[in-house]
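Enquirer: Take a look at this one; I'll ask things after.
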Amino acid sequence: MVIPNEIGKKIAVPPATPIFIGKKKVDETVVRAITYNAENVEVLEVKPEELPVHSKGIIWLDIIGLHGVEVVKKIGEAYSIHPLVIEDVLNTSQRVKLEDYEDYVFVVIKVFTFDNGLEVDQLSLILKEDVLITFRERDYDFIDAVLKRVIAGGRGGADYLMYTILDAVVDSYFKILLEFSESIDGLEDEIFSRFTMETSGKLHELKRELNRFKMAIYPVRDVLSFLARYDHKLVDADNRIYFRDVHDHAIRIIETSEYLRDLAMSLRELYLSNLSNRLNEIMKLLTIISTIFIPITFITGVYGMNFRYMPELEWKYGYYAVLTVMSVVALMMLIYFKKKGWV
Amino acid sequence: MVIPNEIGKKIAVPPATPIFIGKKKVDETVVRAITYNAENVEVLEVKPEELPVHSKGIIWLDIIGLHGVEVVKKIGEAYSIHPLVIEDVLNTSQRVKLEDYEDYVFVVIKVFTFDNGLEVDQLSLILKEDVLITFRERDYDFIDAVLKRVIAGGRGGADYLMYTILDAVVDSYFKILLEFSESIDGLEDEIFSRFTMETSGKLHELKRELNRFKMAIYPVRDVLSFLARYDHKLVDADNRIYFRDVHDHAIRIIETSEYLRDLAMSLRELYLSNLSNRLNEIMKLLTIISTIFIPITFITGVYGMNFRYMPELEWKYGYYAVLTVMSVVALMMLIYFKKKGWV
Amino acid sequence: MVIPNEIGKKIAVPPATPIFIGKKKVDETVVRAITYNAENVEVLEVKPEELPVHSKGIIWLDIIGLHGVEVVKKIGEAYSIHPLVIEDVLNTSQRVKLEDYEDYVFVVIKVFTFDNGLEVDQLSLILKEDVLITFRERDYDFIDAVLKRVIAGGRGGADYLMYTILDAVVDSYFKILLEFSESIDGLEDEIFSRFTMETSGKLHELKRELNRFKMAIYPVRDVLSFLARYDHKLVDADNRIYFRDVHDHAIRIIETSEYLRDLAMSLRELYLSNLSNRLNEIMKLLTIISTIFIPITFITGVYGMNFRYMPELEWKYGYYAVLTVMSVVALMMLIYFKKKGWV
Amino acid sequence: MVIPNEIGKKIAVPPATPIFIGKKKVDETVVRAITYNAENVEVLEVKPEELPVHSKGIIWLDIIGLHGVEVVKKIGEAYSIHPLVIEDVLNTSQRVKLEDYEDYVFVVIKVFTFDNGLEVDQLSLILKEDVLITFRERDYDFIDAVLKRVIAGGRGGADYLMYTILDAVVDSYFKILLEFSESIDGLEDEIFSRFTMETSGKLHELKRELNRFKMAIYPVRDVLSFLARYDHKLVDADNRIYFRDVHDHAIRIIETSEYLRDLAMSLRELYLSNLSNRLNEIMKLLTIISTIFIPITFITGVYGMNFRYMPELEWKYGYYAVLTVMSVVALMMLIYFKKKGWV
Amino acid sequence: MVIPNEIGKKIAVPPATPIFIGKKKVDETVVRAITYNAENVEVLEVKPEELPVHSKGIIWLDIIGLHGVEVVKKIGEAYSIHPLVIEDVLNTSQRVKLEDYEDYVFVVIKVFTFDNGLEVDQLSLILKEDVLITFRERDYDFIDAVLKRVIAGGRGGADYLMYTILDAVVDSYFKILLEFSESIDGLEDEIFSRFTMETSGKLHELKRELNRFKMAIYPVRDVLSFLARYDHKLVDADNRIYFRDVHDHAIRIIETSEYLRDLAMSLRELYLSNLSNRLNEIMKLLTIISTIFIPITFITGVYGMNFRYMPELEWKYGYYAVLTVMSVVALMMLIYFKKKGWV
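Residue numbers (the UniProt record's numbering), protein chains in the order written: chain A, 1 to 343; chain B, 1 to 343; chain C, 1 to 343; chain D, 1 to 343; chain E, 1 to 343.
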């Protein structure tokens, strides 16, 4: 299916109804609360009833597994998030976007993994004053790395925390680009040597994946540009430079993916012209064989006729003469093809 | 016909003349008046003479069947709508658009259904202070659902009512996208396995429908962006967030349809290269058969000649020798093709 | 000729020299003066010497036939029109455009007719305070209709008169769209059934005409957008809504023509893939015939050889045995092709 | 060479070094000084030492032949032109552009001639208060015409003089468009009737020339738009309308060249589909001949076999029977092809 | 590899970590300090500990070899450069860009060399008050030329120095364009005469390189436009005209590379149509040979049959009659092909 079937669930349902749309990717929904200030860090697994709403430092609420609709709803209520936002968090076929509400910013971004085939998850972030909430479909190494750095002491405000996560996500895109780049290299080799009908299918597949990837990364630029450019009360002026840096990475990814798309297009053309070349080769062989043998076969036909009066048949060296004529004809043909550069 | 023939009716007619352009899709024009406030709801089928112009709450006037030109005209007069607007309401080949008049907003939007082939209806909405008028060509489930919710108590202003209807229309587009997506999946399978000349026609049909769909959904974005962004006296500031949400859905639909169009284009390329591949296969077979048999048939021709002096013919094992030679030639050809990877 | 040869006449001539560039489409240049106010209408055919410059109502000066260079020049002088404008009026290869002079507005627009092949005329309008001058190459039904409505009493200012004419021109484009749409339908049928080399030429012709049409209608949007949006002293604020309506029609025409262009492009692709399909069919037939007969013809060749010692030739049922073997080979080939789905 | 080799001369040279880059197109560099006011005109050939810097009227300095680097440098000094401008004047591979310096305007434009193949020269203009300097690579008719008009009395300021020259250049582009249009007409005829491998090369050549032309005319629009729109002290407000007129011509040229490019593209497609059509024709002929003769040749093979017991061979009318059978087979094949519309 | 593998190193590393990403292109990292004012110049090779931070004139710090991470870090600290900037300096897969920090401007640009294949290096420049720092991967002739000019007395501020370097880089792009242009000329010749399967690969390679080049030069325009247009305290108003000049060169390079890309595209089409043409030639030959010999071979077959009663066989001149018939048939076929223009 090119678009997820689950999207149908939302049709004819009242607006702002929280429904989980997507695949269950972890067993259970886990809510991890990290509270920290310059001195202390505390990492706890919490229940939806005991959410830490106020703290003397920064609260990072990390939700893993979005099929727990009730949990997500409770979090929405606890932090007074608009029901439309909660609906979007649960709908994993959401677009990448940033929505600026009065006292929080809502960001949706995609995470790609390349297990077998390109897989895509949705990561939502809500940035409030001193609070960052992250909703994600499964565990990622790079978020663990962020957590480790926080524990190790690399602390900043909620906005800086958001930056490090977005930076990690965008950096993970480079890995996807590398995968695409390898696929293209492989296809290029294939097309230059031993391409088959399947090569065409692989090219189609590649373009499809590149298109899906593109759809997810283009809006990332706008999200980051908003955070880097506009004077938002939730983003410290000194941190804007960091968002500008990620923004720059995003543009680099977009440009490279554009370059890869151009390459894929050029590969398709290469494939088509090599197909034509191969057809030419096949037809050349057929034509050479036919052009050499059809005329001399005709000669054998002539002397296979049963006319009573055919003087050549009586000649002592008639047979050898004909063999010689046939060799000469065949040779002339070969010389002709040699000249044309066909053999 | 790629564009409706009825469009010709409008040529050489004075401007602002109300003429119904389109197909009659219901038997009779029905005018349904829903009046409600926080406490009460009343649903009535009314005649054009007894339109509820003033009420203590919200009036939703729902007209089903646009061939009733007189009815529509009377409604236009009763609510002082500009004749140009009434002309547009009746012309179902109208573009999707929003027009901002001084004390009302006029919106035209398209509804798609997929019975057999893509069908498109026109839905016009006029939003006035505490009044919403909807003109449509036939009955839809999703508008009934809206009505049920209003009766059940989910009430708001006329602007919120308009939002719920637009939201339902845009959500219904996802269903169309799913249909397209299924067609593409089917065509993809076909092209990979047993495509015929008809596959090409189906691809053409698909692109045509996607283009028609695109033409109707692109301007929806602008309509909703207007309602979400501009500070309009008819749209409550608190409700603007809802229009922003539908706007977001519209963009998602546009992006997905763009993605589907790219896929359709890539399918066409896949089809063409598979056609070429198949031609190569056909020509390979012909070439193999010809290249093996033409030379050995020539040999049989040689020994079919009737020369009196052909020593080989007299040899005892001449026949077997020639059979052997022919087998060797055929085998060598086969080995050659094996090496080339053709057999 | 893809661009009119007469364009060469303008090269190396001083700027603002009035030269008629185009084809003579009516016998004589006629100047029709319609003067009217709320009560009276007067329609006169006038000579260039007796132009009605001042009147108590609205003056509509309608010039038919642009080869009367002297007449046009005199009108320019009488109403103090800039010589560059007069030059443009006479040059029928002008672009569609609006030029805003201090006390008049100059509009150039194209009128299409579809007699045999697409023909294009130029219509220029000059709107002054209470005066409208229209220059056109021949008579049109839709302008007669406007005149009839004026006589019948449907009067307004010069700006409203200009609107009705522009509205009529834009509505006439729908007819052209219908013609294109029919051509496309015809070509589609042709491509699906019995296309020939000429089909390709027709497609080329269609694209060419669509391009010419596009070139003329795209700038219409900007012309009308100017009249609808900007606060111009010559356009009454209440009439701006009418220009907005024509503007809307123009956009619809552009969108539809864009859709038709996409269809034409898709038809070209369909044509190419059907050509390939047909080649495949031809080659399949050749391959089937060859593959069945070449091997069994070889067998007949073997038993046509004249070796003295060929035991099979002496067998009683040798002939029938060989016939049987040949039938089996042919049958096996047929089964093979059946399996491949070729027969 | 697709780009001029001489461009290499500029690499690794200090900035603003005056070097002549281009081909010498006249024998000697000539400096013509035309000084005029409302009453008098004086045309002199001057030496670089005696340049007329001040005058009681307008000075037009016309330099023909850019290889005289020293002359150009001296003019630059005499009229205090920035060294970067002089560098650009001498580099004939310059882009078309307008540069606004404090007290002069520098314009670079291209002149095309169509002797055999498209040739391009560079024309630079510097407009100062009451002074116009034109640098050009060779003599042109249209500049002579301007000079004649100045002598004849058609005088204006330096800005008006500049306008008449730019107008003449832009008008000369129409001639180039006519040449392109004729090439396209010729190619269209060729493709419809007797195209060869060379046709493809001609199409490539045409596209290349159209691209070169496009590169030179697109920026002309911006140059003229600057002169027409911005309130520049060197351009009289009353003359701005003239620049607007040339601007309009430039847009017409761009639109027409765009249309020609579309045509050229469509011609390429036409060519490819006609190539395919021709291949189909060739293959049809081969298939018809093969399909008719291969089966009946097989029959002759059967009765050419030397089996002792072949009853048919002994029949009295066996030979005639077989001839009849073969005729029937051939006829049936012909009928089959007739039905398919191949013959 | 289409994108450098080393990019993977940055994934899962804390932001702003200085890591060298790229290939080591010189043996050792060298830091060259050029200090100068109107009277004196001093060129020294310095150690990272003894960087000249303050001077009575201009300091140009030139770092060659970016693998010396520690050296670069120390320079960053000495001139208080933001760690993100240092990170970017070391990452040679950076995009071309300009970043405006409060008291310095950071520019990344690419240098291309064409040894065998297109190679690309990264050049970073930091412009501070009276200081210019250049980080580069290896030695270039054109920077040596700049240094020589500085020593010879062509001195200006740090901004003018930056201009001369950027100007030299942009001028070096013209050389690359010349290389591309030569490749295209070569390919054009190849396609017109003796193209092979490899030609297709070369075309693919060319497009790939042109795309890489394009990716690096497009943003150069924006970088230079920033320096030319905005009123930056670090760029002297009088020098802005120089940046405008380089900006102009950059646009020329972009336009030319765009033109080359169009040519490359047109070459691909030419190649494909020549492939088709060649196939047509091959098939024509096959068809001619087959169409001439298949019918006359059939005739020999007829008279090779062994029927007892075949009157023609007994005729005295039967053999000659048949030879004549066959010659006539062959001749007629030849005349037919002559008429069709095939031979």
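Even for Gly, the Cβ is constructed at its ideal location relative to N, Cα and C.
Could you tell me which of A/E198, A/R149, A/V13, A/F20 sits nearest to A/R268, measuring between CA atoms?
Expert: By one-based count along the first sequence, residue 268 of chain A stands at place 268. Checking every option, the nearest Cα to that of A/R268 belongs to A/E198.
Enquirer: Less than 9 Å separating the beta-carbons of E/F293 and A/P295?
Expert: In the fifth sequence, the residue the question calls residue 293 of chain E occupies position 293. In the first sequence, the residue the question calls residue 295 of chain A occupies position 295. Yes, these two residues count as a Cβ contact at 9 Å.
Enquirer: Measuring CA to CA, which of A/F243, A/W342, A/R221, A/S266 is closest to A/R252?
Expert: The count along the first sequence starts at 1 and reaches residue 252 of chain A at position 252. Checking every option, the nearest Cα to that of A/R252 belongs to A/R221.
Enquirer: Counting C-beta neighbours from all protein chains within 10 Å, is the total for D/R240 16 or more, i.e. buried, or is it exposed?
Expert: Counting from one through the fourth sequence, the residue named residue 240 of chain D turns up at place 240. The C-beta of D/R240 has 16 or more other C-beta atoms within 10 Å across all chains shown, which makes the residue buried.
Enquirer: Identify the contact partners of D/V302 in chain C, using a Cβ-Cβ distance below 7 Å as the criterion.
Expert: Sequence index remark: in the fourth sequence, residue 302 of chain D carries index 302 (1-based). T300, listed in chain order.
Enquirer: Based on Cα-Cα distance, which residue from C/I126, C/V111, C/D130, C/Y160 lies nearest to C/D139?
Expert: Here residue 139 of chain C corresponds to residue number 139 of the third sequence, with the count starting at 1. Each of C/I126, C/V111, C/D130, C/Y160 was checked against the Cα of C/D139, and the nearest Cα belongs to C/V111.
Enquirer: Take every Cβ of the stretch 278-291 of chain C, pair it with every Cβ of the stretch 201-209 of chain B, and state whether three or more of those distances are shorter than 8 Å.
Expert: no
Enquirer: Can you name the residues of chain E whose CB is closer than 7 Å to the CB of A/T287?
Expert: On the first sequence, position 287 is the one that residue 287 of chain A refers to. Residues of chain E passing the Cβ test: I282, L285, L286.
Enquirer: How would you call C/V328, buried or exposed, if buried means at least 16 neighbouring beta carbons within 10 angstroms?
Expert: Position 328 of the third sequence holds residue 328 of chain C. Burial call: exposed.
Enquirer: For the structure I just gave you, are there three or more beta carbon pairs, one from the stretch 152-164 of chain C and one from the stretch 124-144 of chain C, closer than 8 Å?
Expert: yes
Enquirer: What residue from B/E312, B/E50, B/G65 has the CA that sits closest to B/A33's CA?
Expert: For the purposes of this step, residue 33 of chain B is taken as the residue at position 33 of the second sequence. Closest option to B/A33, judged by alpha-carbon separation, among B/E312, B/E50, B/G65: B/E50.
Enquirer: Any C-beta of chain B sitting closer than 9 Å to the C-beta of C/R252?
Expert: Position 252 of the third sequence, counted from the first residue, corresponds to residue 252 of chain C. Chain B places a beta carbon closer than 9 Å to that of C/R252, counting this residue as a contact.
Enquirer: Flag A/D245 as yes if its beta-carbon sits less than 9 Å from any beta-carbon of chain E, otherwise no.
Expert: In the first sequence, counting from the first residue as 1, residue 245 of chain A sits at position 245. Taking Cβ atoms only, chain E reaches closer than 9 Å to A/D245, which makes this a yes.
Enquirer: Excluding five sequence neighbours on each side, which residues of the same chain lie with their C-beta closer than 6 Å to the C-beta of C/H54?
Expert: Here residue 54 of chain C refers to the residue found at position 54 of the third sequence. Excluding sequence neighbours, C/H54 sits near nothing in its chain.
Enquirer: What span of residues does the beta strand (DSSP E) with A/A33 cover, start to end?
Expert: What you label residue 33 of chain A is simply residue 33 of the first sequence in a count that begins at 1. Element bounds for A/A33: 30-36.
Enquirer: Can you tell which of D/F142, D/F213, D/G186 has its C-alpha closest to the C-alpha of D/E119?
Expert: On the fourth sequence, position 119 is the one that residue 119 of chain D refers to. Among D/F142, D/F213, D/G186, the Cα nearest to that of D/E119 is on D/F213.
Enquirer: Can you name the start and end residues of the beta strand (DSSP E) that D/Y336 belongs to?
Expert: Translated into positions along the fourth sequence, residue 336 of chain D becomes position 336. Element bounds for D/Y336: not the beta strand (DSSP E) but the alpha helix (DSSP H), 318-340.
Enquirer: Going by DSSP, name the residue or residues bridged to A/D121.
Expert: Position 121 of the first sequence holds residue 121 of chain A. In the DSSP output, where bridge partners are listed per residue, A/D121 has A/V111.
Enquirer: How far does the beta strand (DSSP E) with C/I64 in it reach, from first residue to last?
Expert: Taking the third sequence and counting its residues from 1, one reaches residue 64 of chain C at position 64. Looking at the DSSP string, the run of the beta strand (DSSP E) that includes C/I64 is 58-64.
Enquirer: Return the bridge partner residues of E/D27 from the DSSP annotation.
Expert: Taking the fifth sequence and counting its residues from 1, one reaches residue 27 of chain E at position 27. Its beta-bridge partners do not exist; DSSP assigns none.
Enquirer: Report the three-state DSSP secondary structure of C/R136 (helix, strand or coil).
Expert: Position 136 of the third sequence, counted from the start, is the residue given in the question as residue 136 of chain C. The answer is strand: DSSP assigns C/R136 an E or B state.
Enquirer: Helix, strand or coil for D/N274, going by three-state DSSP, please let me know.
Expert: By one-based count along the fourth sequence, residue 274 of chain D stands at place 274. Of the three classes helix, strand and coil, the one that applies to D/N274 here is helix, per DSSP.
Enquirer: Using a cut-off of 9 Å between C-beta atoms, extract the partners of B/Y242 located in chain A.
Expert: The residue you call residue 242 of chain B lines up with position 242 of the second sequence. Those within 9 Å of B/Y242 in chain A are P15, A16, L84.
Enquirer: Please classify A/V325: is it buried, with 16 or more other beta-carbons within 10 angstroms of its beta-carbon, or exposed?
Expert: Within the first sequence, residue 325 of chain A is the residue found at index 325, counting from 1. Classification of A/V325: exposed, given that the 10 Å Cβ count is below 16.
Enquirer: For A/L331, count neighbouring Cβ atoms within 10 angstroms of its own Cβ and tell me buried if that reaches 16, exposed if not.
Expert: Translated into positions along the first sequence, residue 331 of chain A becomes position 331. Of the residues assessed, A/L331 falls on the exposed side of the cut-off, its CB having fewer than 16 other CB atoms within 10 angstroms.
Enquirer: Could you tell me the alpha carbon to alpha carbon distance between E/Q94 and D/E188, rounded to whole angstroms?
Expert: Stepping through the fifth sequence from its first residue, residue 94 of chain E is reached at position 94. Stepping through the fourth sequence from its first residue, residue 188 of chain D is reached at position 188. If you take the alpha carbons of E/Q94 and D/E188, they lie about 49 Å apart.
Enquirer: Do the stretch 142-159 of chain B and the stretch 229-243 of chain B touch if we need at least three Cβ pairs shorter than 8 Å?
Expert: Between the stretch 142-159 of chain B and the stretch 229-243 of chain B, the count of Cβ pairs shorter than 8 Å is three or higher; the stretches touch.
Enquirer: Distance, Cα to Cα, C/L132 vs B/I19?
Expert: Taking the first residue of the third sequence as 1, we reach residue 132 of chain C at position 132. Taking the first residue of the second sequence as 1, we reach residue 19 of chain B at position 19. Taking the straight line joining both Cα atoms gives about 29 Å.
Enquirer: From the DSSP output, in three-state form, read off D/K47 for me.
Expert: For the purposes of this step, residue 47 of chain D is taken as the residue at position 47 of the fourth sequence. Residue state, collapsed to three classes: coil.
Enquirer: Check distances from the C-beta atoms of the stretch 86-99 of chain C to those of chain D and list, in chain order, the residues that come in under 7 Å.
Expert: Of all residues in the stretch 86-99 of chain C, those with a C-beta nearer than 7 Å to a C-beta of chain D are R95, K97, reading in chain order.
Enquirer: Alpha carbon to alpha carbon, what distance is there between B/Y230 and B/V46?
Expert: As a first step, residue 46 of chain B is located in the second sequence; it is residue number 46 there, counting from the start. As a first step, residue 230 of chain B is located in the second sequence; it is residue number 230 there, counting from the start. Using only the alpha carbons, I get a separation of about 35 Å.
Enquirer: For C/V102, does the three-state DSSP call read helix, strand or coil?
Expert: What you label residue 102 of chain C is simply residue 102 of the third sequence in a count that begins at 1. A quick correction: the sequence has Glu, not Val, at residue 102 of chain C. In this structure, C/E102 counts as coil in the three-state DSSP scheme.
Enquirer: Note down, in chain order, all residues in the stretch 259-278 of chain A with a beta-carbon under 8 Å from any beta-carbon belonging to chain E.
Expert: Interface annotation for the stretch 259-278 of chain A against chain E: Y259, L260, D262, L263, S266, L267, E269, L270, L272, S273, N274, S276, N277, criterion Cβ-Cβ distance under 8 Å.
Enquirer: Cutting at 6 Å between CB atoms, please list the residues of its own chain near E/I288, excluding the five before and the five after it.
Expert: Translated into the one-based positions of the fifth sequence, residue 288 of chain E becomes position 288. Excluding positions up to five away in sequence, the list reads F337.
Enquirer: Could you check the C-alpha separation between C/F192 and A/N116 for me, to the nearest Å?
Expert: The residue labelled residue 192 of chain C in the question sits at position 192 within the third sequence. The residue labelled residue 116 of chain A in the question sits at position 116 within the first sequence. Roughly 41 Å between the two C-alpha positions.
Enquirer: May I ask you to report which of helix, strand or coil DSSP gives B/N91?
Expert: Looking up residue 91 of chain B in the second sequence gives position 91. Strand at B/N91.
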